[in-house]
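Trainee: Below you will find the structure I want to go over with you.
Protein chains in written order, with UniProt numbering: chain A, 1 to 268; chain B, 1 to 268.
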């Protein structure tokens, strides 16, 4: 295979754009995945292009072959220098792929199980937080993440990296009309909880089988039109002078408390 | 007051260095605090220098005066451009202070209460994680954070910012010999828990009154010499294919479960 040695190569330019430009990702319906761990999680049928550094090719050749990556089609080798230029990390691992976006619909995730937990992200801005929410959500058995307009792009490279692969396993739905989506959850019998200082203490609540939690923006909390649609209000107890918790931390504490209660119920 | 309009001003150069250089912070025994929220949390007796942008001076003049900041001593005004250059944030709020470091000793935080929770950070690297741990620790009523050698500097500007002020309220001890510190915790009767896949399920454990949790490095977990000193092993339950949780998430789930059990015990 030929080795790409110039940053000016059109493929390299396009990769750089895909890493930076949410609109281009949307238009092409693809996103970029980087790193050997994420590589091992890739749904191969969705992979459109693979880029490997010369060093990574040496180190992982057998593994890539057994994954079916090195069959010659749509795989390009980059000099280490060119790879470092296009990499989003400080210590590049030398593998990158262009992958087709996932497209989940609310219908396909709602009402499929007796017990469901939804995380509803209302203008969540920080890519690291969103990625961590995916990772925790999978661990806590969350059914799906619902992402409202004005949130950061789940295909942002930093989100993808922070999910540690969970983005391939946790269904997520892009919601153009988040208030409408919350109404739909409620109509189907899901109890929707919003965070509020006047709410019930999280640890005094016995959660129903089907729940959704509204998670707001890092600085400004929930938007009014989403907050007003909560069925019930809850409060994560906080000591000291803390005014709020990190959004990913809140989402995790809520999901895990539901998980804990369900485990306890199964044991009793 | 004179306005600093040049990036080449020696004070501006020194501020830049303090933001970047952990060794200089240590030598001068100070760190840099930025942002209006953090400003409001400042222990004024520890403030050595204050830097305000011209815009911030206009916006917050009354507040700064009532805080005692604008008494003329050790306060400098920067043009907005110069402030933006030295700021660590994309949208600078125009206030920065050089503050004396805190110096807590283990003796002053250990054995002071019937119920204690310690978080022991073993080579924790990510500034955002460390800051979030401080913020959650305060909310969960953690007694103190013990920081081992090889962890990131708690006075790194990104840590300070992510604590949202908790760095001024949660005691933390710098531990040159973390294994020795863990031994000291145990000798004083604190039960030390380490995370391990073979450990007991977090939600099956009834925690004793005095506990410590070992929190490891983001990529590599605990170092052997710290891990081997745990009294007991525990496991945060995880569904799906998740191999581990984010370090700040783990620390929070552990601290909050202890908090939950103590609240429940008080209620019964």
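Beta carbons are placed, not taken as given, at the ideal position from N, Cα and C, and that holds for glycine.
(1) Would you tell me roughly how many angstroms separate the C-alpha atoms of residue 164 of chain B and residue 12 of chain A, rounded to the nearest one?
(2) Taking 9 Å as the CB-CB cut-off, is residue 167 of chain B touching chain A?
(3) So, is the C-beta of residue 206 of chain A closer than 9 Å to a C-beta in chain B?
(4) Can you tell me the Cβ-Cβ gap for residue 247 of chain A and residue 215 of chain A, rounded? I've got them flagged as a contact below 8 Å.
(5) What is the DSSP secondary structure of residue 273 of chain A, reduced to helix, strand or coil?
(6) Beta-carbon within less than 6 Å of residue 300 of chain B's beta-carbon, same chain only, minus the 5 sequence neighbours each way: which residues are those?
(7) Using beta-carbon positions only, say whether residue 124 of chain B and residue 212 of chain B come within less than 9 Å of one another.
(8) Report the residues of the segment 232–257 of chain A with a CB closer than 9 Å to any CB of chain B, ordered along the chain.
(9) Counting along the chain, where does the alpha helix (DSSP H) carrying residue 60 of chain A start and finish?
(10) Taking 9 Å as the CB-CB cut-off, is residue 35 of chain A touching chain B?
(11) From residue 109 of chain A to residue 38 of chain A, what does the alpha carbon distance come to, in whole angstroms?
(12) Which parts of the segment 179–242 of chain B are runs of the beta strand (DSSP E), unbroken and 3 residues or longer, counting only runs that do not cross its ends?
(13) Should residue 158 of chain A and residue 128 of chain A be called a contact, given that it needs their Cβ atoms to be closer than 9 Å?
(14) Closest to residue 59 of chain A by CA distance: which of A:44, A:80 and A:48 is it?
(15) So which of B:98, B:40 and B:52 has the shortest CA-CA distance to residue 14 of chain B?
(16) Alpha carbon to alpha carbon, how far is residue 140 of chain A from residue 156 of chain A?
(17) Measure how close the beta-carbons of residue 122 of chain B and residue 218 of chain B come, nearest whole angstrom, since I'm counting them as under 8 Å.
(18) If you measure between the beta carbons of residue 182 of chain B and residue 226 of chain B, is that distance less than 9 Å?
(19) What alpha helix (DSSP H) runs, 4 residues minimum, are completely inside the segment 103–138 of chain A?
(20) So the candidates are B:233, B:49, B:230 and B:133; which of them puts its Cα closest to the Cα of residue 70 of chain B?
(21) Give the interface partners of residue 216 of chain B over in chain A, defined as CB-CB distance under 9 Å, in chain order.
(22) For residue 30 of chain A, which residues of its own chain have a beta-carbon under 8 Å away from its beta-carbon, when the five flanking residues on both sides are left out?
(23) Report the CB separation of residue 235 of chain A from residue 201 of chain A in whole angstroms; it is logged as a contact under 8 Å.
(24) Can you check DSSP and say which residues form a bridge with residue 97 of chain B?
(25) At a CB distance below 7 Å, what residues from the segment 189–203 of chain A approach chain B? Give them in sequence order.
(26) Among residues of its own chain, excluding the 5 on either side of residue 194 of chain A, which ones have a beta-carbon nearer than 7 Å to its beta-carbon?
(27) How many Å lie between residue 20 of chain A and residue 171 of chain A at the Cα?
(28) Leaving out five residues before and five after residue 188 of chain B in sequence, what residues of the same chain have Cβ atoms less than 7 Å from its Cβ?
Mentor: In this structure, then:
(1) For this step, residue 164 of chain B is matched to residue 164 along the second chain. For this step, residue 12 of chain A is matched to residue 12 along the first chain. Distance between the alpha carbons of residue 164 of chain B and residue 12 of chain A: 39 Å.
(2) Here residue 167 of chain B corresponds to residue number 167 of the second chain, with the count starting at 1. No - not a single Cβ of chain A is within 9 Å of the one on residue 167 of chain B.
(3) In the first chain, counting from the first residue as 1, residue 206 of chain A sits at position 206. No, residue 206 of chain A lies away from the interface with chain B (no Cβ there is under 9 Å from its Cβ).
(4) For this step, residue 247 of chain A is matched to residue 247 along the first chain. For this step, residue 215 of chain A is matched to residue 215 along the first chain. The pair is a contact, with the Cβ atoms about 6 Å apart (cut-off 8 Å).
(5) This structure does not reach residue 273 of chain A, given that chain A is present from 1 up to 268, and the question cannot be answered.
(6) With chain B covering only 1 through 268, there is no way to say anything about residue 300 of chain B.
(7) Counted from its first residue, the second chain places residue 124 of chain B at position 124. Counted from its first residue, the second chain places residue 212 of chain B at position 212. Not in contact: residue 124 of chain B and residue 212 of chain B (Cβ atoms no closer than 9 Å).
(8) Sequence-ordered contacts of the segment 232–257 of chain A with chain B read 236, 237, 238, 239, 240, 241, 242, 243, 244, 245, 246, 248, 249, 252, 253, 256 and 257 [C-beta pairs closer than 9 Å].
(9) For the purposes of this step, residue 60 of chain A is taken as residue 60 along the first chain, with counting starting at 1. That run of the alpha helix (DSSP H) goes 54–67.
(10) Residue numbering aside, residue 35 of chain A sits at position 35 when the first chain is read from its first letter. Not closer than 9 Å to any Cβ of chain B, the Cβ of residue 35 of chain A fails to qualify, so no.
(11) Here residue 109 of chain A refers to the residue found at position 109 when the first chain is read from its first residue. Here residue 38 of chain A refers to the residue found at position 38 when the first chain is read from its first residue. Cα-Cα distance, rounded: 24 Å.
(12) Fully enclosed beta strand (DSSP E) runs of 3 or longer: 191–201, 210–215 and 232–235.
(13) Walking along the first chain from the start, residue 158 of chain A turns up at place 158. Walking along the first chain from the start, residue 128 of chain A turns up at place 128. Cβ atoms of residue 158 of chain A and residue 128 of chain A: closer than 9 Å.
(14) For this step, residue 59 of chain A is matched to residue 59 along the first chain. Cα-wise, what sits closest to residue 59 of chain A is A:80.
(15) In the second chain, the residue the question calls residue 14 of chain B occupies position 14. Among B:98, B:40 and B:52, the Cα nearest to that of residue 14 of chain B belongs to B:98.
(16) Sequence index remark: in the first chain, residue 140 of chain A carries index 140 (1-based). Sequence index remark: in the first chain, residue 156 of chain A carries index 156 (1-based). Residue 140 of chain A and residue 156 of chain A: Cα-Cα distance of roughly 23 Å.
(17) The count along the second chain starts at 1 and reaches residue 122 of chain B at position 122. The count along the second chain starts at 1 and reaches residue 218 of chain B at position 218. No, residue 122 of chain B and residue 218 of chain B are not in contact; Cβ-Cβ is about 11 Å, not under 8 Å.
(18) As a first step, residue 182 of chain B must be located in the second chain, where it is residue number 182. As a first step, residue 226 of chain B must be located in the second chain, where it is residue number 226. Yes, they are a contact pair.
(19) 106–109
(20) As a working mapping, residue 70 of chain B is identified with position 70 in the second chain. Per the Cα distances, B:49.
(21) Your numbering for residue 216 of chain B matches position 216 in the second chain. Correct list: empty, because the minimum Cβ distance to chain A is about 15 Å.
(22) Taking the first residue of the first chain as 1, we reach residue 30 of chain A at position 30. Hits under 8 Å: 18, 48, 98, 99, 100 and 101.
(23) Within the first chain, numbered from 1, the residue matching residue 235 of chain A stands at position 235. Within the first chain, numbered from 1, the residue matching residue 201 of chain A stands at position 201. Confirmed, Cβ separation roughly 6 Å.
(24) The residue given as residue 97 of chain B occupies position 97 in the second chain. In the DSSP output, where bridge partners are listed per residue, residue 97 of chain B has B:33 and B:50.
(25) 203
(26) If you number the first chain from 1, residue 194 of chain A lands on position 194. So the qualifying residues of the chain are 214, 222, 227, 230 and 233.
(27) Position 20 of the first chain, counted from the start, is the residue given in the question as residue 20 of chain A. Position 171 of the first chain, counted from the start, is the residue given in the question as residue 171 of chain A. Taking the straight line from one Cα to the other gives about 24 Å.
(28) To locate residue 188 of chain B, count along the second chain from 1; it is residue 188. Answer for residue 188 of chain B: 110 and 111, listed in chain order.
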